[in-house]
Amino acid sequence: MTDLLDRRLVTTLVFCSACSGDIGVVADTSGGTSATDATGLTTTTGTPGDSSDADSGTTAPSTADSTSTASDGTASGSESGSSSGGSGVTVTVVPTGCEGTISSEPIGIACGAECSAVFEPGTEVTLTAEPGQLEARGWSGPCAGSDQSCMFTPYDDVEVEVQLTDMRWLRALGGAADDVYGHPRVIAANDAGSVFVGGYYSGGVFQFGSPSGAPCVPAFTAGFVTKLTASYGVEQWHHCLSTVDELASAQNSVVGLAIEPSSGDVFAAGYFSHQPNVLGAVGAVDFGGGEVSCPPLDDSSSGGGIFVARYADASGAHVWSHGFCTNSFVTDSGTAAADAAGDVYVAADIGGTPVSFDLGGPSFPADADGRTLVAKYDGSDGTHLWSVDSGDWTWSHGAAIDDANGFYLVGYSWNEFTSVVSRRDATDGSLVWTKTIGGEPGSALTDIYSVDVTDDGNIVVAGFGLGTVDFGAGPVDFSDQVLDLFLAKFDAATGDVLWVRQLPCDQQGTALTWADTHIDGNGDILMTSGFSGSCDLGGGAVVSAGTKDLFITRYDPDDGSLLAQRSLASMAGSDAVGEAIAVDSQDNIVFAGHLAGKASYCGDEIDTSGFDGIMFGSIKP
88 MTDLLDRRLV
98 TTLVFCSACS
108 GDIGVVADTS
118 GGTSATDATG
128 LTTTTGTPGD
138 SSDADSGTTA
148 PSTADSTSTA
158 SDGTASGSES
168 GSSSGGSGVT
178 VTVVPTGCEG
188 TISSEPIGIA
198 CGAECSAVFE
208 PGTEVTLTAE
218 PGQLEARGWS
228 GPCAGSDQSC
238 MFTPYDDVEV
248 EVQLTDMRWL
258 RALGGAADDV
268 YGHPRVIAAN
278 DAGSVFVGGY
288 YSGGVFQFGS
298 PSGAPCVPAF
308 TAGFVTKLTA
318 SYGVEQWHHC
328 LSTVDELASA
338 QNSVVGLAIE
348 PSSGDVFAAG
358 YFSHQPNVLG
368 AVGAVDFGGG
378 EVSCPPLDDS
388 SSGGGIFVAR
398 YADASGAHVW
408 SHGFCTNSFV
418 TDSGTAAADA
428 AGDVYVAADI
438 GGTPVSFDLG
448 GPSFPADADG
458 RTLVAKYDGS
468 DGTHLWSVDS
478 GDWTWSHGAA
488 IDDANGFYLV
498 GYSWNEFTSV
508 VSRRDATDGS
518 LVWTKTIGGE
528 PGSALTDIYS
538 VDVTDDGNIV
548 VAGFGLGTVD
558 FGAGPVDFSD
568 QVLDLFLAKF
578 DAATGDVLWV
588 RQLPCDQQGT
598 ALTWADTHID
608 GNGDILMTSG
618 FSGSCDLGGG
628 AVVSAGTKDL
638 FITRYDPDDG
648 SLLAQRSLAS
658 MAGSDAVGEA
668 IAVDSQDNIV
678 FAGHLAGKAS
688 YCGDEIDTSG
698 FDGIMFGSIK
708 P
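In terms of this note's numbering, the sequence shown has 213 at position 126, counting the first letter as 1, and numbering is strictly consecutive.
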């Protein structure tokens, strides 16, 4: 829907775990505005500043005339309503959206079991959406404008609609043409109520959500980092990490985000590359502290390297940044993490480089083969603390820090088609242990995408497996036709596997997409990714509606058993994949993903007009 993107609209939808009926698009309660265009799509623009999470929403029209008592005691309503005569008035509740319970006082309604009851005319009736994970929005008739409960006095039969949802907000961002696409790679949240999303976009003008923020215009592919409010998902600021010279070919991306704990500032890490433009001028990238240019060694090679930057939470102001020229192929991988002291760790994957280079410390020699590097910087000013060469080439995808000086890195070993889990000493970068997860070369493949530290001090990872794979405790048989998702837990002290949970699918839809995990405030494991066809995410087979459906699941950290699952259904020919997940300061789930086409949840639709747009949202825990 091109006109949606031209108007820089931010779509807000509802999201729930078990849906029935059709419900409308729900407006933000941030003091914003909503509008419905000629296509029938309702959009809202939120306004920051309101700290309340209660959503008034839009209201559906009442499907029956009703009479209610106003605050001054007078009766109001339509004369066309059905008369109760002397037999009482019938109050009917029509819930939409998620499954939940609406009860009444006096006792009579307990909907979903019983959605209608008869009361004496003039009886004061209170309808209440039972407290829990669901919010009541969109009350109609005499309840219009209410939140969790509604009180009215009926004199005629009346029908009340109410929408139940556990979605707090969901937004989609994109460009103004079919060739514009974007992917969120990482998400992070601080204790001050901020949510940060990083990734890349390509193809043309990419419009973010801030009305005052300038759109991003990449030369080819450019990285971004943006801040949203946790309450409503309203954008506060963004940085476009694009090549300064728009004629130069460039490829930049943010692949890691981490929070500085005392200030709530965000660290962003990633890679950049550029080639000379048609006039021979070398491109440059500005991360906020001035242009960084890495000239290629010859006309056929690319210049570029890796970067790390710190941005202020409140304003997005640049605090410090480093750009290191490696003059090599930099893979679309890497990650970042921060420790309790506020120092930041960066992992970068470097292809063969013909020259020596450094990451702010000792020089690394030229090497025809690739290698993975890890570096630590003082979070306050970016001072280099240490950097090490892993000795092999791993596409690093995830990193985590524990409270016992453990730095964990996971990824994919390019040469062996295996995955790697490792622990280093955070004080100096020395290797403590490393585990290779794989099977028979040529018949097995694994890739681990994320890692987090569990409350008991161990680690959990998520990834994909193919064929017969050994995690260290004997063979585990995955499909030999498609990549299956898995969760696994390892002992942090030894690297020994504790358990593996297979999440099999019957189609190739999840292959080489993404998966992310995060430990929530209860210590449970959150996971997001995408699935195609029929998949068992731990609770039995579920079937995707489109090419890929986004899912969010919760697992028990003791054994990996499923606790809850939700999915965002794509429509025929569309893809919806979750790429990053975290929790905000109130333990609400925040997630980011990409959507190509259309998806629906509880009867609502979100549309990115066919290209890979960026979507992010928040749901109750």
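The beta carbon of each residue, even a glycine, is placed where N, CA and C say it ideally should be. Source: prediction; values computed, not measured.
- When beta bridges are read from the DSSP output, LYS522 appears opposite VAL508.
- Ranking GLY469, GLU322, TYR432 by CA distance to the CA of ALA345 puts TYR432 first.
- Within the region 207-243, no run of alpha helix (DSSP H) at least 4 residues long lies entirely inside it.
- Under the three-pair Cβ rule at 8 Å, the region 310-327 does not count as touching the region 235-244.
- Secondary-structure assignment with DSSP links TYR268 through a beta bridge to SER289.
- In this structure, the beta-carbon distance from THR604 to ALA549 falls below 7 Å.
- By the neighbour-count criterion, in which a residue is buried when 16 or more other Cβ atoms sit within 10 angstroms of its Cβ, VAL205 is exposed.
- Cα atoms of GLY209 and ARG258: separation of roughly 43 Å, rounded to the nearest angstrom.
- Per DSSP, reduced to three states, the secondary structure at ALA435 is strand.
- Note that the region 662-678 touches the region 608-628; at least 3 beta-carbon pairs, one per stretch, sit closer than 8 Å.
- Per DSSP, ASP583 is not a residue of any beta strand (DSSP E), being assigned neither H nor E.
- Classified as buried, ASP571 has 16 or more neighbouring CB atoms from the shown chains inside 10 Å of its CB.
- Assigned with DSSP and collapsed to three states, CYS202 falls in coil, not helix or strand.
- For ALA659, DSSP assigns no beta-bridge partner whatsoever.
- Excluding five sequence positions before and after CYS198, the CB atoms of its chain that fall closer than 8 Å to its own CB belong to VAL180, PRO182, THR188, ILE189, SER190, given in chain order.
- Just measuring C-alpha positions, the residue of VAL353, TRP480, GLY377, ALA453 sitting nearest ALA424 is VAL353.
- Buried is the label assigned to LEU496, since at least 16 other Cβ atoms lie within 10 Å of its Cβ.
- The C-beta separation of LEU532 from LEU553 comes to about 4 Å, placing the pair in contact by the 8 Å criterion.
- The C-beta separation of GLY175 from GLU207 comes to about 6 Å, placing the pair in contact by the 8 Å criterion.
- Pairing GLY647 with TRP586 gives a Cβ-Cβ distance under 7 Å.
- Take ARG397, set aside five residues on each side of it, and the residues of its chain with a beta-carbon closer than 6 Å to its own are ASP352, PHE354, VAL406, TRP407, in chain order.
- Sequence-distant partners of SER530 (beyond 5 residues in either direction) whose C-beta falls short of 8 Å from its own C-beta, in its chain, are GLY554, THR555, ASP567.
- In the three-state DSSP reduction, ASP593 falls in the coil class, being neither helix nor strand.
- In the displayed model, GLU503 falls within coil according to three-state DSSP, outside both helix and strand.
- Residue nearest to PHE359 within the set SER350, LEU518, ASN675, ILE393 is ILE393 (criterion: CA-CA distance).
- Excluding residues up to 5 positions away in sequence, PHE451, ARG458, LEU460 lie with their Cβ nearer than 7 Å to the Cβ of ASP476 in the same chain.
- Runs of beta strand (DSSP E) with 3 or more residues, each lying fully within the region 412-489, are found at 422-425, 431-437, 458-464, 471-476, 481-488, listed in chain order.
- Counting other Cβ atoms within 10 Å of its Cβ, ASP694 reaches 16 or more and is therefore classed as buried.
- Your pair GLY286 and TYR268 does not check out as a contact, with CB atoms roughly 11 Å apart and the cut at 8 Å.
- Using a Cβ distance threshold of 7 Å, THR523 and ILE606 do not count as a contacting pair.
- For ALA355, DSSP records a beta bridge to LEU344, ALA396.
- DSSP lists no bridge partner for PRO193.
- Nearest neighbour of SER657 by Cα position, chosen from TRP256, MET702, ASP645, GLU222, turns out to be MET702.
- Under the three-state reduction of DSSP, GLN250 is assigned to strand.
- In the three-state reduction of the DSSP assignment, ALA628 falls in the strand class, which pools E and B.
- Cβ contact annotation for SER509 (same chain, cutoff 6 Å, sequence separation greater than five): LEU496, THR521, in chain order.
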